[in-house]
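In what follows, a structure is listed as structure tokens, so that the remarks can point back to it.
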Amino acid sequence: MSDLFSADQFEALDTWLAANVPALGEGALIADFVAGGTTNVVIKLTRGGHAVVLRKAPVMGPPASGKAIQREATVLKGLGGSRVPHPRFHGYCHDPAVAGGPFYIMDLVDGWAADLSPIDNQMAFPPHFAGGDLHYLAYAMVDGIVEMANLDYVAAGLEGYGKPDKFLERQVDRWGSQLASYPERYPGFESRDLPGLAYVADWLRANVPDTGRPGLMHGDYAMNNVLFANRPPARLAAIIDWETSTIGDPLMDLAAYCGQLRRRDGPQPASPYLDTALFPYFEDAVDYFAERTGRDVSRIDYYQILAKYRMACIIEYKVAEAAIGLAPPEKGVRFDGLVRGLLTEAETLARAAG
Numbered sequence: 011m012s013d014l015f016s017a018d019q020f021e022a023l024d025t026w027l028a029a030n031v032p033a034l035g036e037g038a039l040i041a042d043f044v045a046g047g048t049t050n051v052v053i054k055l056t057r058g059g060h061a062v063v064l065r066k067a068p069v070m071g072p073p074a075s076g077k078a079i080q081r082e083a084t085v086l087k088g089l090g091g092s093r094v095p096h097p098r099f100h101g102y103c104h105d106p107a108v109a110g111g112p113f114y115i116m117d118l119v120d121g122w123a124a125d126l127s128p129i130d131n132q133m134a135f136p137p138h139f140a141g142g143d144l145h146y147l148a149y150a151m152v153d154g155i156v157e158m159a160n161l162d163y164v165a166a167g168l169e170g171y172g173k174p175d176k177f178l179e180r181q182v183d184r185w186g187s188q189l190a191s192y193p194e195r196y197p198g199f200e201s202r203d204l205p206g207l208a209y210v211a212d213w214l215r216a217n218v219p220d221t222g223r224p225g226l227m228h229g230d231y232a233m234n235n236v237l238f239a240n241r242p243p244a245r246l247a248a249i250i251d252w253e254t255s256t257i258g259d260p261l262m263d264l265a266a267y268c269g270q271l272r273r274r275d276g277p278q279p280a281s282p283y284l285d286t287a288l289f290p291y292f293e294d295a296v297d298y299f300a301e302r303t304g305r306d307v308s309r310i311d312y313y314q315i316l317a318k319y320r321m322a323c324i325i326e327y328k329v330a331e332a333a334i335g336l337a338p339p340e341k342g343v344r345f346d347g348l349v350r351g352l353l354t355e356a357e358t359l360a361r362a363a364g
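Each residue of the sequence shown is one higher than the last, beginning at 11 in the numbering used here.
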């Protein structure tokens, strides 16, 4: 039995695993909580010396959490046999009687993820990667975007996974609508007049480039959403947390990740989690991607501006939470600075682009 499931659910899960994940072996099933939040719960399952990971929608999660789990299962299944680093997919179940909600099973990946240091709120790395090898970590991150961009998503069975037509044209309204929804989602919070927001939104609408060929994009590609191999040389063991993935424009992932890197010229990023002096230049990382994909990166600044606008719209909810007492005031102050910093960077880039 496990505190994570009812007795009936645990028995049903045990039976389902025996039928659908024979690689787990035989013996008593042990379930250990790994992580969880409002969108998903991660549980390690062990039996007979073998281990896998169960990822499921939380019991009291938002209505879309079950659909997000199904989408993650779909993309992981499609990635089987591809060059995209990912956990091996074992199966998906939508029956709530089995584990209390939709879930899927994937391999337990042997690797490490960057995490925030409680001391200085900086990304912390294992000792054998700290220092000079950070350049290689950055290029390993870009390698992941390269493999997603080069994936034949139709052959992978992901043709209907997203709506790539007019993808860029929809982005400003998509994220602007989310920003506008926060007063309703967080009663007591009022929309703020954010300097630069209107200018950046208008500039993005007026300067949409021709969308390149569609590809798989992660949607939240960052160092805390990948697992690196445990020993040098730096390489990705798996990309995880696929809940925001879609078929769209891979340059969005590239711009979002590389936006943390310093530029040779122009405005420098507000990168509170990274010491950018230890990482390569933005321009070098973008060129590295272009050489390995053949994609046109001449309008990368547009994607940079869009990525910063998008992130500012998303993380404003942290300010809303703090404003109504759902988070500490100091968290609200920190995210207020991040939102304003992102919009300042985006506006500076937009005005420089003309």
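Cβ atoms here follow ideal geometry from the backbone N, Cα and C, with glycine treated the same way. What you are looking at is a predicted structure, and each value in this text was computed from that prediction instead of being measured.
- Fewer than three Cβ pairs drawn from the stretch 175 to 184 and the stretch 104 to 120 lie within less than 8 Å of each other, which leaves the two stretches out of contact.
- Taking a C-beta distance under 9 Å as the contact criterion, A150 and L246 qualify as a contact pair.
- Here I53 is bridged, per DSSP, to F43 and L64.
- Here I79 is not near H100, since their CB atoms are 9 Å or more apart.
- For the 9 Å CB-CB criterion, E293 and R309 do not form a contact.
- One thing to note: A41 has its Cβ within 9 Å of the Cβ of T56.
- Counting other Cβ atoms within 10 Å of its Cβ, E355 reaches 16 or more and is therefore classed as buried.
- A direct Cα-to-Cα measurement between V63 and H96 gives close to 13 Å.
- Proximity to L284 across E157, H145, K87 and A332 peaks at H145, based on C-alpha coordinates.
- Per DSSP, G258 is one residue of the beta strand (DSSP E) stretching across T256 to G258.
- For N234, the closest C-alpha among the options L348, T49, Q132 and G364 is that of Q132.
- Where I249 is concerned, the enclosing beta strand (DSSP E) starts and stops at L246 to I249.
- Inside the stretch 121 to 194, DSSP marks whole alpha helix (DSSP H) runs of 4 or more residues at positions 144 to 160 and 177 to 190, from first to last along the chain.
- Q19 and L27 have their alpha carbons spaced roughly 12 Å apart.
- By the criterion of a C-beta distance shorter than 7 Å, R215 is surrounded in its chain by V182, once the five residues flanking it on both sides are discounted.
- V51 counts as buried, since no fewer than 16 other beta carbons sit within 10 angstroms of its beta carbon.
- V343 places its beta carbon 9 Å or farther from that of A360.
- Apart from the 5 residues on each side of it in sequence, N30 sits with its Cβ closer than 6 Å to the Cβ of G101 in its chain, given in chain order.
- Taking 9 Å as the cut-off, the Cβ atoms of D263 and L178 do not count as close.
- In terms of CA proximity to L237, V119 leads the group E82, V119, P112 and S92.
- Assignment of L118 by DSSP, reduced to helix, strand and coil, places it in the coil class.
- Rounded to whole angstroms, the gap between the alpha carbons of A165 and D346 is 43 Å.
- In the three-state reduction of the DSSP assignment, F299 falls in the helix class.
- When only Cα atoms are considered, G198 and G335 end up about 10 Å apart.
- The three-state secondary structure of L204, taken from DSSP, is coil.
- About 4 Å separates the beta carbons of L189 and C323, which is inside the 8 Å limit, making them a contact pair.
- Rounded to whole angstroms, F43 and P205 show a C-alpha spacing of 42 Å.
- Sequence-distant partners of A337 (beyond 5 residues in either direction) whose C-beta falls short of 8 Å from its own C-beta, in its chain, are K328 and E331.
- Secondary-structure assignment with DSSP links M227 through a beta bridge to T256.
- Taking a C-beta distance under 9 Å as the contact criterion, Y267 and I249 do not qualify as a contact pair.
- The beta-carbon distance between A134 and A124, rounded to whole angstroms, is 7 Å. This is short enough to meet the 8 Å contact definition.
- A direct Cα-Cα distance of roughly 43 Å separates G111 from W213.
- Counting the other Cβ atoms within 10 Å of the Cβ of P279 gives 16 or more, which makes it buried.
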